[in-house]
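Participant:
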Amino acid sequence: MRNNNGSYTSSTPTAPAVTPENDASYIQSSWQRCKDKYKIEPQRTIKLCSLTEREIQEKREPLEQLLFDSHSIIQRIRRVARQSGYSVLISNAEGVTVKAFTDSDHDLALQSKGLRQGTLWQEAIVGTNGLGTCLEEKRPITVDASEHYGTNLQCFSCSAAPLIGADGSIVGGLDMSTFASGNRLGQALALNFVTETANEIEALIFRGAYKNQHIINLAGAANMNTALVAFNDNGTVIAATTTALMALNCRQRYDLVGKSVEEAFQISRNELFQPAPLHHQFQFNNAKFDLHLELRPPEAKPRQETLRRQTAAAQTKRTSSIGLKRLPPEQHTPLLEAAGSDPALIRQANSCMRIVDRGVITLIQGETGTGKEVWAKALHDSSARRGRPFVAVNCAAIPETLIESELFGYGAGTFTGGLKSGKKGKIEASDGGTLFLDEIGDMPAELQARLLRVLAEKEIIPLGEVEPVPIDINVICATHRDLEQYVSQGDFREDLYYRISVFKVTLPALRNRQDKSELIRKVLEQVRSELGDPDPIGLATEAEQALLSYPWPGNIRQLKNVLHCAACMREGRDIQIDDLAGEVLNPGLEDFSAATSSVAQSSGNGATSQSPEKQQLIAALETNRWNVTRAAKALGVSRSTLHRKIKAHGLLLEPQES
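First residue of the sequence shown: 49, per this note's numbering; consecutive thereafter.
#1: Go ahead and pull the three-state DSSP assignment for residue 471.
#2: Please go through the same chain and pick out, in chain order, the residues whose beta-carbon is closer than 6 Å to the beta-carbon of residue 88, but skip the five residues on each side of it.
#3: What runs of the alpha helix (DSSP H), each 4 residues or longer, lie entirely inside the region 178-210?
#4: Let's see if you can read the secondary structure: which residues bound the alpha helix (DSSP H) around residue 531?
#5: For the region 194-203 against the region 119-130, do three or more pairs of beta-carbon atoms, one drawn from each stretch, fall closer than 8 Å, so that the two count as touching?
#6: Taking 7 Å as the line, does the beta carbon of residue 95 fall inside it for any heavy atom of the ligand HEM?
#7: Please name the residue in 169, 231 and 161 whose C-alpha comes closest to that of residue 138.
#8: Quick one: Cα of residue 250 to Cα of residue 182, how far?
#9: If residue 418 sits next to residue 607, beta carbons under 8 Å apart, how far is it from one beta carbon to the other, in whole angstroms?
#10: Tell me which residues share the same chain as residue 697 and place their Cβ nearer than 7 Å to its Cβ, disregarding the 5 neighbours each side in the sequence.
#11: Among 444, 462 and 525, which residue has its Cα nearest to the Cα of residue 510?
#12: Under the rule that 16 or more other beta-carbon atoms within 10 Å means buried, what is residue 262, buried or exposed?
#13: When you compare the CB positions of residue 627 and residue 614, do they come within less than 8 Å of one another, or not?
#14: Ignoring anything shorter than 3 residues, give me the beta strand (DSSP E) runs that lie fully in the region 370-431, in order along the chain.
#15: Could you tell me whether the region 216-223 touches the region 272-279, using the rule of 3 or more Cβ pairs below 8 Å?
#16: According to DSSP, which residues form a beta bridge with residue 525?
#17: Thinking just about the alpha-carbon of each residue, which of 682, 212 and 306 is nearest to the one in residue 254?
#18: Following the continuous alpha helix (DSSP H) through residue 619, name the residue where it begins and the one where it ends.
#19: Which two residues bound the contiguous beta strand (DSSP E) that contains residue 9?
#20: Using a Cβ-Cβ cut-off of 6 Å (strictly less than) and excluding sequence neighbours within five positions of residue 247, which residues of its own chain qualify?
#21: How is the beta strand (DSSP E) around residue 279 delimited, first residue to last?
#22: Mind checking who residue 344 pairs with in its DSSP beta bridge?
#23: Using the Cα positions of residue 313 and residue 335, report the straight-line distance between them to the nearest angstrom.
#24: So, for residue 326: in the same chain, excluding its five sequence neighbours on each side, which residues have a beta-carbon less than 6 Å away from its beta-carbon?
#25: Could you pull the DSSP bridge partners for residue 166 from this structure?
#26: Could you check whether residue 409 and residue 553 sit closer than 8 Å to each other, using their CB atoms as the reference points?
#27: Output the boundary residues of the beta strand (DSSP E) element that contains residue 87.
#28: Label residue 91 either buried or exposed according to how many other C-beta atoms from any shown protein chain fall within 10 Å of its C-beta, with 16 as the threshold for buried.
#29: Have a look at residue 707 and residue 218 and give me their C-alpha separation to the nearest angstrom.
#30: Can you tell me whether residue 533 is buried or exposed, with buried defined as 16 or more other CB within 10 angstroms of its CB?
#31: Grouping DSSP H, G and I as helix and E and B as strand, with all else coil, what is residue 104?
#32: Considering only their Cβ atoms, is the gap separating residue 190 from residue 165 smaller than 8 Å?
#33: Report the three-state DSSP secondary structure of residue 148 (helix, strand or coil).
#34: Tell me, please, whether the region 379-398 touches the region 435-443 by the rule of three or more beta-carbon pairs shorter than 8 Å.
#35: So, at 7 Å on beta carbons, what are the nonlocal neighbours of residue 527 in its own chain, with the 5 sequence-adjacent residues on each side left out?
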């Protein structure tokens with residue numbers, strides 16, 4: 049998830065500064081862990097765990113901003129993978145695949161064997177594998193064929209690299225996988241490409257997190273603008289990317305972080321602050337370096353008034369058919385932008401504006417995917433605190449053992465392995481601004497009491513400290529759970545509930561919104577922008593009607609995913625009905641688990657239990673070795689139509705030979 053300074057944080061341990069040489073010792077170490085620590089029996093088929101769609105959405109939510117920011121980088125590796133017969137998987141720090149791109153000719157076969165969204169690749173459960181072992185080893189690795197612990201995974205060749213946040217913690221993993229062929233050159237190229245891509249994503253995160261600090265680019269011979277070092281106005285190095293630490297032969301981050309720029313690079317501030325890149329020779333850690341140092345100054349903070357006026361000018365003039373009182377545009381633009389033209393939401397926006405700067409805690413309720421964080425951010429941007437931090441904390445995404453230190457921070461020397469200077473918690477980081485507690489219903493019981501005290505006393509005590517720290521925050525909470533029922537069951541403190549629920553905002557499900565058509569167009573424009581398409585994406589009448597008729601159990605988040613997929617599948621300017629996912633066109637289809645059971649039964653009963661269309665599909669796919677492009681051509685249909693029919697008949701879930 050992204051914290052108040054733009055960095056992505058995770059609960060996983062800090063990654064090592066330097067990637068060890070890529071030998072095969074990690075395979076032996078991993079197998080030893082699987083046998084001795086995880087008690088997994090060797091040389092057996094390992095059942096893969098798949099999450100439900102709702103669980104996948106919850107796991108992906110903390111990484112949504114990262115996926116959005118790195119879209120162009122991910123699209124590049126996706127194109128290479130498609131041309132080379134690879135799939136691309138992106139996982140969270142737990143090893144859950146939150147995004148999967150299987151665009152190559154092998155896509156159906158790869159998905160049928162587990163390379164798909166929602167699969168759990170944690171080494172402790174699956175054994176030695178690309179993603180799971182990469183996260184465990186905290187370095188780029190390749191796991192090929194028989195190096196996998198489970199016999200059913202030995203058909204794969206997987207290269208993976210950890211995704212590292214601005215503070216050096218592991219936030220996820222990036223993987224390129226295909227069927228094993230013994231091609232060592234291909235494996236080396238895949239590992240190199242996935243590592244470079246992960247480094248680019250780390251650098252992007254780093255630049256965003258430290259955009260208000262000075263950043264040095266170490267432009268050495270092997271540099272790709274990923275070797276970055278950040279220092280503050282006092283000249284103290286506060287962070288560095290993994291590539292920079294490797295370039296300087298740092299075994300640990302604190303070999304560099306915490307030193308002064310003058311000490312680390314043997315250079316005066318005047319020399320460093322010259323306008324042109326500087327060719328510089330220096331000694332560091334008993335080694336000589338010859339690098340180009342290019343300084344990137346802090347970005348100027350945007351003027352809030354200018355942004356507000358630009359947003360107000362772009363706001364279309366709306367009038368309510370039910371005579372709602374409208375506030376002056378400069379006061380309510382962000383909230384009304386979030387409300388759209390739905391009368392119920394416009395009424396909610398006007399109510400929110402009356403309490404926005406009154407110190408009233410707001411509780412936002414609604415189903416998963418209805419945009420609770422979007423509404424909370426709009427509420428913050430409509431307040432007098434809009435120029436101050438907006439810090440979002442997903443109480444369900446942080447492990448129970450770490451949530452206390454994440455919220456309250458800790459003092460120097462509190463934890464072994466913790467930051468030497470201590471760490472500021474999310475609550476203190478939001479001082480002067482807004483603290484957004486998402487999924488507060490999942491907050492552990494013992495922390496509910498501490499939060500209640502924070503709300504009452506307006507101060508916190510970091511772990512390991514004795515002196516309280518005064519804070520000035522506006523608090524917004526959100527949940528998709530029935531907190532009243534939780535209170536009656538004893539799972540949520542009654543006094544805390546009454547403290548946070550004085551003012552409630554209920555966001556309607558997408559199926560109940562009266563501005564669905566307008567919202568679909570708005571989300572489609574967002575998708576177009578993310579894909580980088582210069583021309584508008586149209587929507588055929590039949591496709592729009594199907595979108596309007598679908599009940600959308602995953603709400604706006606599901607709508608965006610469906611439109612993103614359809615925009616990629618379309619063959620012309622407009623999205624046609626055949627481009628839409630099968631779930632939209634056939635909302636009555638059984639879920640994946642039921643479909644799997646049905647497919648298994650039909651397989652056992654032979655071809656006579658299958659429909660003629662399904663038999664024709666299987667025959668065409670098998671004749672063309674599961675190459676969708678060739679099979680579609682043989683059947684005389686478009687690739688997107690064939691994909692829809694494959695999903696409708698549940699063929700994606702049938703295990704196929706590679």
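Glycine residues also receive a C-beta, built at the ideal position from the N, C-alpha and C atoms.
Facilitator: A quick look at the data gives this:
#1: Counting from one through the sequence shown, the residue named residue 471 turns up at place 423. In the structure shown, residue 471 sits in a strand (DSSP, three-state: E or B).
#2: Along the sequence shown, read from residue 1 onward, the residue named residue 88 stands at position 40. Shown here for residue 88: same chain residues with a beta carbon closer than 6 Å to its own, the five before and five after excluded, namely 82 and 175 in chain order.
#3: 178-185
#4: As a first step, residue 531 is located in the sequence shown; it is residue number 483 there, counting from the start. Boundaries of the alpha helix (DSSP H) harbouring residue 531: 531-537, taken from the DSSP string.
#5: no
#6: The ligand content of the structure shown is nil, which means the ligand HEM is not present either.
#7: The residue given as residue 138 occupies position 90 in the sequence shown. Ranking 169, 231 and 161 by Cα distance to residue 138 puts 169 first.
#8: Numbered from its first residue, the sequence shown carries residue 250 at position 202. Numbered from its first residue, the sequence shown carries residue 182 at position 134. Their Cα atoms are separated by approximately 16 Å.
#9: As a position in the sequence shown, residue 418 is number 370, starting the count at 1. As a position in the sequence shown, residue 607 is number 559, starting the count at 1. About 11 Å; that fails the 8 Å criterion.
#10: As a first step, residue 697 must be located in the sequence shown, where it is residue number 649. Contacts found: 662 and 665.
#11: The residue you call residue 510 lines up with position 462 of the sequence shown. Comparing Cα positions, the closest option is 462.
#12: The sequence position of residue 262 within the sequence shown is 214, counting from 1. Per the 10 Å Cβ criterion, buried.
#13: Counting from 1 along the sequence shown, the entry for residue 627 is found at position 579. Counting from 1 along the sequence shown, the entry for residue 614 is found at position 566. Contact: yes.
#14: 410-413
#15: no
#16: Counted from its first residue, the sequence shown places residue 525 at position 477. The beta-bridge partner set that DSSP reports for residue 525 consists of 411 and 485.
#17: Reading the sequence shown from its first residue, position 206 is the one you call residue 254. Nearest option by C-alpha distance: 212.
#18: Numbered from its first residue, the sequence shown carries residue 619 at position 571. Note, residue 619: premise wrong, no alpha helix (DSSP H); not H, not E.
#19: No statement about residue 9 is possible, as the shown extent of the chain runs from 49 to 706 and does not include it.
#20: Within the sequence shown, numbered from 1, the residue matching residue 247 stands at position 199. Correct list, in chain order: 274 and 291.
#21: Numbered from 1 along the sequence shown, position 231 holds the residue referred to as residue 279. Where residue 279 is concerned, the enclosing beta strand (DSSP E) stretches over 276-279.
#22: Here residue 344 corresponds to residue number 296 of the sequence shown, with the count starting at 1. Answer is 263, bridged to residue 344.
#23: Position 265 of the sequence shown, counted from the first residue, corresponds to residue 313. Position 287 of the sequence shown, counted from the first residue, corresponds to residue 335. Rounded to whole angstroms, residue 313 to residue 335 spans 12 Å at the Cα level.
#24: Counting from 1 along the sequence shown, the entry for residue 326 is found at position 278. Excluding residues within five positions, the ones whose Cβ falls inside 6 Å are 341.
#25: Sequence index remark: in the sequence shown, residue 166 carries index 118 (1-based). In the DSSP output, where bridge partners are listed per residue, residue 166 has none listed.
#26: Your numbering for residue 553 matches position 505 in the sequence shown. Your numbering for residue 409 matches position 361 in the sequence shown. Cβ distance not < 8 Å, so residue 553 and residue 409 don't count as in contact.
#27: For the purposes of this step, residue 87 is taken as the residue at position 39 of the sequence shown. Careful: residue 87 lies outside any beta strand (DSSP E) and carries neither H nor E.
#28: Numbered from its first residue, the sequence shown carries residue 91 at position 43. With fewer than 16 Cβ atoms within 10 Å of its Cβ, residue 91 is classed as exposed.
#29: Residue 707 falls outside the range modelled here, since the chain spans only 49 to 706, and no answer is possible.
#30: For the purposes of this step, residue 533 is taken as the residue at position 485 of the sequence shown. With a 10 Å radius around the Cβ and a threshold of 16 neighbouring Cβ atoms, residue 533 comes out exposed.
#31: Within the sequence shown, residue 104 is the residue found at index 56, counting from 1. Looking at residue 104 - three-state DSSP - the assignment turns out to be helix.
#32: The sequence position of residue 165 within the sequence shown is 117, counting from 1. The sequence position of residue 190 within the sequence shown is 142, counting from 1. In this structure, residue 165 keeps its C-beta atom at 8 Å or more from the C-beta atom of residue 190.
#33: On the sequence shown, position 100 is the one that residue 148 refers to. It is a strand residue.
#34: no
#35: Residue 527 sits at position 479 when you count from the first residue of the sequence shown. Excluding residues within five positions, the ones whose Cβ falls inside 7 Å are 413, 487, 488 and 489.
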